[in-house]
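Written below as structure tokens is the structure these notes are about.
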Amino acid sequence: MRLPRTARPVLDGVDLTVGAGETVALVGESGSGKTLTSRTVLRLLPGGATTEGTVHVAGDDVLTMNARELRRLRTRTAAMIFQDPRAAINPLRRIDDFLTESVRLNKIMTPAAANARAVELLEAVGLTADALRRHPGELSGGMLQRVMIAAALMGDPALLLADEPTTALDVTTQAEVVALLGDLRARFGTGLLFVTHDLGLAAAISDRVYVMYAGRIAETGPAASVFARPRHPYTKALLDSTPDLDAPRGRLAAIDGQPPDLRRELTGCPFAPRCAHADEVCTVEAPRRTPAPGEPAHTAGCHHSDRLEGTRGDA
Numbered sequence: 128m129r130l131p132r133t134a135r136p137v138l139d140g141v142d143l144t145v146g147a148g149e150t151v152a153l154v155g156e157s158g159s160g161k162t163l164t165s166r167t168v169l170r171l172l173p174g175g176a177t178t179e180g181t182v183h184v185a186g187d188d189v190l191t192m193n194a195r196e197l198r199r200l201r202t203r204t205a206a207m208i209f210q211d212p213r214a215a216i217n218p219l220r221r222i223d224d225f226l227t228e229s230v231r232l233n234k235i236m237t238p239a240a241a242n243a244r245a246v247e248l249l250e251a252v253g254l255t256a257d258a259l260r261r262h263p264g265e266l267s268g269g270m271l272q273r274v275m276i277a278a279a280l281m282g283d284p285a286l287l288l289a290d291e292p293t294t295a296l297d298v299t300t301q302a303e304v305v306a307l308l309g310d311l312r313a314r315f316g317t318g319l320l321f322v323t324h325d326l327g328l329a330a331a332i333s334d335r336v337y338v339m340y341a342g343r344i345a346e347t348g349p350a351a352s353v354f355a356r357p358r359h360p361y362t363k364a365l366l367d368s369t370p371d372l373d374a375p376r377g378r379l380a381a382i383d384g385q386p387p388d389l390r391r392e393l394t395g396c397p398f399a400p401r402c403a404h405a406d407e408v409c410t411v412e413a414p415r416r417t418p419a420p421g422e423p424a425h426t427a428g429c430h431h432s433d434r435l436e437g438t439r440g441d442a
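Position one of the sequence shown corresponds to residue 128 (this note's numbering), numbered consecutively onward.
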């Protein structure tokens, strides 16, 4: 994907899959392309964006859908939980209008069936039917995020896209929302793409993980393998900069430098200017993702992944 006035793609060769009933985490620094990747699944693209390739949801290419097909996709097949519920919910309308509008307007449910479904889902996320008659300003941030989750499930989607849904919440509410998403995934068999910058959270909830940098997938594989044996210096650096109660005392590690500027073309590995392992080949040749020995599902795009230690703390 390209945007106007940029010298390189903002998303470049991203290949990502989410299976039924599976939780997949998409992690990386702010600006790495995580949110844009998840929004592309619903074709919620920035103005002037141009795309290549395909985005398949339940077998259909989202990028070639007409307006009617897109409405059905966003109502029945895939849904998104946005990061800030107060920005996503109209403060002047009641919760029942917010929850039922899409399925009513698209004639997927009758008003009575939509109301019954809304009550069912509110109870599933830990709220009562009384919330239907209230306005967003009468609910706490945690309650509103639960409403967002209920709204995303109204059409019984096969795929749920959660864009950092716990960022604005306190720690206790974060834990409740994460547990709720896991329970709902198990109950409804929904595939979940969980976008986050919190590696600890990603390790706790995901089956597989994708690590994104500069609009590219740097590393991917089963969560247990990626977090125990990272093969890309960027993944290792992210892990080293994550607070850990069991880590030795001292200053928390940080990744030096800045992410690459979209106004400049990239040559070689995009992480090379910030990488302690980079050499001449890294600056001129873009690496291909290669599998770990004996772990074909665990791949990393690094020229030196096979000789890195692959353990936390040595990046």
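Each residue gets a CB set at the ideal place from its N, CA and C atoms; glycine is no exception.
Exposure label - Ser157; buried when at least 16 CB within 10 Å: Along the sequence shown, read from residue 1 onward, the residue named residue 157 stands at position 30. The residue is exposed, with fewer than 16 neighbouring Cβ atoms inside 10 Å.
Entirely enclosed beta strand (DSSP E) segments - the region 268-302, minimum 3 residues: 286-290
Candidates Val168, Pro136, Pro131, Ala413: closest to Ala289 by CA position: Here residue 289 is taken as the residue at index 162 of the sequence shown, counted from 1. Minimum Cα distance to Ala289 is reached at Val168.
Range covered by the beta strand (DSSP E) that runs through Leu190: Taking the first residue of the sequence shown as 1, we reach residue 190 at position 63. From DSSP, Leu190 is part of no beta strand (DSSP E); its letter is neither H nor E.
N-terminal and C-terminal residue of the alpha helix (DSSP H) that Phe354 is part of: Along the sequence shown, one-based indexing puts residue 354 at 227. Run containing Phe354: 350-355, per the alpha helix (DSSP H) assignment.
Of the listed residues Phe398, Gly348, Glu407, Asp310, nearest to Pro418 (C-alpha basis): Here residue 418 is taken as the residue at index 291 of the sequence shown, counted from 1. The residue with the shortest Cα to Cα distance from Pro418 is Gly348.
Pro131, buried or exposed, once every other Cβ within 10 Å from all chains shown has been counted against 16: Mapped onto the sequence shown, residue 131 falls at position 4. Exposed is the call here.
Burial state of Ala152 (16 or more Cβ within 10 Å): One-based indexing of the sequence shown puts residue 152 at position 25. Buried, because 16 or more other Cβ atoms sit within 10 Å of the Cβ of Ala152.
Own chain residues within Cβ distance below 8 Å of Ile344, not counting five before or after: On the sequence shown, position 217 is the one that residue 344 refers to. The answer, listed in chain order, is Gly140, Val141, Asp142, Leu143, Tyr337, Val338, Arg416, Gly428.
Contact set for Val305: own chain, Cβ-Cβ below 8 Å, skip 5 residues either direction: In the sequence shown, the residue the question calls residue 305 occupies position 178. The residues are Thr293, Leu328, Ala331, Ile332.
Sub-9 Å separation of Thr255 and Leu248 beta-carbons: What you label residue 255 is simply residue 128 of the sequence shown in a count that begins at 1. What you label residue 248 is simply residue 121 of the sequence shown in a count that begins at 1. No, the pair does not count as a contact, with Cβ atoms beyond the cut-off.
Separation of Leu308 from Ala442, as counted between CA atoms: For the purposes of this step, residue 442 is identified with residue 315 of the sequence shown, where counting begins at 1. For the purposes of this step, residue 308 is identified with residue 181 of the sequence shown, where counting begins at 1. Confidence in Ala442 is poor, its pLDDT being 41 and thus under 50, which makes the residue's placement unreliable; the coordinate value appears in the next sentence. Each residue's alpha carbon lies about 33 Å from the other.
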